[in-house]
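Residue numbers (our numbering), protein chains in the order written: chain X, 41 to 303; chain F, 33 to 229.
C-beta atoms are modelled at their ideal positions from N, C-alpha and C, and glycine is treated no differently.
These numbers were taken from a predicted model, which means no experiment stands behind them.
This report refers to the structure that appears directly beneath it.
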């Protein structure tokens, strides 16, 4: 039926179809209704051209990619060296071109089996695991903090902090959230490790809408500006405040090294 | 193991860039339009197209020259879409196909002019109504309807886009349009355009 309407019948099918449609009333009606529906869609739904701003932004992204393919290379090869539980990383499905990278463990990163709840610290550890597994990848890949900041600002409509760290170079960033508040994630690479930064707005966290922070930690943050959690000797987390943004950094390094990088 | 992220010589990079610009960039409209109809959100559509082009650029050496570039880009986008947005596969709601059929039968004899008939059944529907009806279609049906009725692609190309036999394209189109017309009839009735009885 649809083939007849779209002029896509095989040459052999045509005479048969027209003969049948003449004789069979219900098929004739069906045919007319379907044709009307197609016309209605065709005449009422316009093709929307991609806005110029979108084309520009994609071109800019491609430029970054062309000029600085190294951050991506560094990022993915770091993942490969990075210890993980999974042997293969399926790079976000590019169809037939699906790429499988074999990750060979070099040193052991303990997977943080944190509860999957809205506690910002649990969430940050879980996200860090996902970054190492390649499940979280940057939406923008560049080592230029200003570009990442501009990208995130355009996504969130408010500014987040893109810190410059010692010993770690920016790889890229991503944003998530919408109605209830935004969160931002940044990925950095050092000589041997990745460092992950998770950010949320203090007022969103205070409202408990997207993430929450235990009152004790919040009090300590407000008093000293810092909170440090050493999950095990080789993996640490630091939280600090920049204006109204909570920044939470994690890396597979010890507490002192982490603080030295972020402070 | 071969890395896809080898940094080629600058000249080669620039050649690749030019080739990509020439081959892939002109098809942004069809991808954006599809993304917009699938996500119903300009921001999401933009993200989806952006992600698609970045991936396509990175995997450019995997594209077989001379094959259908639009279909290749489309499949990358479909994958990204599924990874990002796919919720539970929506089964079509049970729809009463008969109502419109009956209405059609009652007015069929009043007028022989097909334009007039169309006006009587769907008259006054706005572009928004039609767009909303398309958005409500289950994904597989929506895809073929967009590609055929909005983009005007041939069955052969649609089959290549969605990686299905032509027979499947045919039947999805038929079923998709059938669900659509029922939806549209409902809207027309709600808006009071259809007045009978």
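Inset, instruction - Kindly list, in the order they appear in chain X, the residues whose Cβ is closer than 7 Å to that of residue 80 (chain F). - result: Here the premise fails: no neighbours, minimum Cβ distance about 10 Å.
Inset, instruction - Using a Cβ-Cβ cut-off of 9 Å, state whether residue 101 (chain X) counts as contacting chain F. - result: Yes, its Cβ sits closer than 9 Å to a Cβ of chain F.
Legend entry - Three-state secondary structure assigned by DSSP to residue 72 (chain F): coil
Inset, instruction - Specify, as a first and last residue, the run of the alpha helix (DSSP H) that residue 301 (chain X) falls within. - result: 295 to 302
Legend entry - Inter-residue Cα distance where the pair is residue 66 (chain F) and residue 59 (chain X): 37 Å
Legend entry - Cut-off 7 Å between Cβ atoms - residues of its own chain near residue 299 (chain X), not counting five sequence neighbours on either side: Excluding positions up to five away in sequence, the list reads 268 and 278.
Inset, instruction - Examine the Cβ distances between the segment 160 to 167 of chain X and the segment 199 to 217 of chain X and report whether three or more of them are shorter than 8 Å. - result: No, the segment 160 to 167 of chain X does not touch the segment 199 to 217 of chain X.
Legend entry - Interface residues of the segment 62 to 78 of chain X facing chain F [CB-CB below 7 Å]: 69, 72, 73, 74, 76, 77 and 78
Legend entry - Start-to-end residues for the alpha helix (DSSP H) that takes in residue 160 (chain X): 160 to 172
Legend entry - Identity of the residues DSSP links to residue 240 (chain X) by a beta bridge: X:223 and X:286
Inset, instruction - Would you please verify whether the beta carbon of residue 187 (chain F) is less than 9 Å from any beta carbon of chain X? - result: Yes, its Cβ sits closer than 9 Å to a Cβ of chain X.
Inset, instruction - Check each candidate in F:74, F:106 and F:72 and name the one with the smallest Cα separation from residue 87 (chain F). - result: If we check each option's Cα against that of residue 87 (chain F), F:106 comes out closest.
Inset, instruction - Look at the alpha carbon of residue 216 (chain X) and the alpha carbon of residue 241 (chain X), and state the distance between them as a whole number of angstroms. - result: 13 Å
Inset, instruction - Name the residue from X:235, X:243 and X:265 whose alpha carbon lies nearest to the alpha carbon of residue 289 (chain X). - result: A check of alpha carbon separations from residue 289 (chain X) across X:235, X:243 and X:265 identifies X:235 as the nearest.
Legend entry - residue 104 (chain F) versus residue 188 (chain F): straight-line alpha-carbon distance, rounded: 14 Å
Inset, instruction - Report yes or no: do the segment 189 to 206 of chain F and the segment 41 to 56 of chain X share at least 3 C-beta pairs separated by less than 8 Å? - result: yes
Inset, instruction - Whole angstroms is fine: what's the gap from residue 126 (chain X)'s alpha carbon to residue 171 (chain X)'s? - result: Low confidence applies here, because residue 126 (chain X) scores a pLDDT of 30, under 50, leaving its location unreliable; read the following figure in that light. Each residue's alpha carbon lies about 13 Å from the other.
Legend entry - Under 9 Å between C-beta atoms of residue 194 (chain F) and residue 81 (chain X): Using a Cβ distance threshold of 9 Å, residue 194 (chain F) and residue 81 (chain X) do not count as a contacting pair.
Inset, instruction - Determine the extent of the beta strand (DSSP E) in which residue 215 (chain X) is found, giving its start and end residues. - result: From DSSP, the beta strand (DSSP E) with residue 215 (chain X) extends over 209 to 217.
Legend entry - Interface flag, residue 80 (chain X) vs chain F, CB-CB below 9 Å: yes
Inset, instruction - Check whether the Cβ of residue 174 (chain F) lies closer than 9 Å to any Cβ atom in chain X. - result: Output row for residue 174 (chain F): interface = no.
Legend entry - Which of helix, strand or coil DSSP assigns to residue 79 (chain F): helix
Legend entry - Classification of residue 44 (chain F) by the beta-carbon crowding that lies within 10 angstroms, buried from 16 upward: Exposed: under 16 other Cβ atoms inside 10 Å.
Inset, instruction - Using alpha carbons as the reference points, say which of F:206, F:117 and F:70 lies closest to residue 73 (chain X). - result: F:206
Inset, instruction - Quick one: residues in its chain with C-beta nearer than 7 Å to the C-beta of residue 81 (chain F), no 5 flanking neighbours on either side, listed in chain order? - result: 60, 63, 64 and 67
Inset, instruction - Specify the secondary structure class of residue 281 (chain X) as computed by DSSP and reduced to three states. - result: Reduced to three states, the DSSP call for residue 281 (chain X) is strand.
Inset, instruction - Give the interface partners of residue 159 (chain F) over in chain X, defined as CB-CB distance under 8 Å, in chain order. - result: 84, 85 and 86
Inset, instruction - For residue 188 (chain F), name the three-state secondary structure that DSSP assigns. - result: helix
Inset, instruction - For residue 43 (chain X), go through chain F and note every residue whose CB falls closer than 8 Å to its CB, in chain order. - result: 187 and 202
Inset, instruction - Name, please, each residue of chain F whose Cβ falls closer than 7 Å to the Cβ of residue 89 (chain X). - result: 61
Inset, instruction - With 9 Å as the threshold, decide whether the Cβ of residue 196 (chain F) is near any Cβ in chain X. - result: no
Legend entry - Cβ neighbour criterion (16 or more within 10 Å) applied to residue 188 (chain X): Around the beta carbon of residue 188 (chain X), 16 or more other beta carbons sit within 10 angstroms, so the residue counts as buried.
Legend entry - Minimum Cβ-Cβ distance from residue 101 (chain F) to chain X less than 9 Å: no
Inset, instruction - Take residue 174 (chain F) and list the residues in its own chain whose beta-carbon comes closer than 8 Å to its own, dropping the five residues that flank it on each side. - result: 69, 70, 166, 167 and 208
Inset, instruction - Give a yes or no on whether the C-beta atoms belonging to residue 261 (chain X) and residue 227 (chain X) are separated by under 9 Å. - result: At a Cβ-Cβ threshold of 9 Å, residue 261 (chain X) and residue 227 (chain X) do not count as neighbours.
Legend entry - Proximity of residue 159 (chain F) and residue 85 (chain X) at Cβ, strictly below 9 Å: yes
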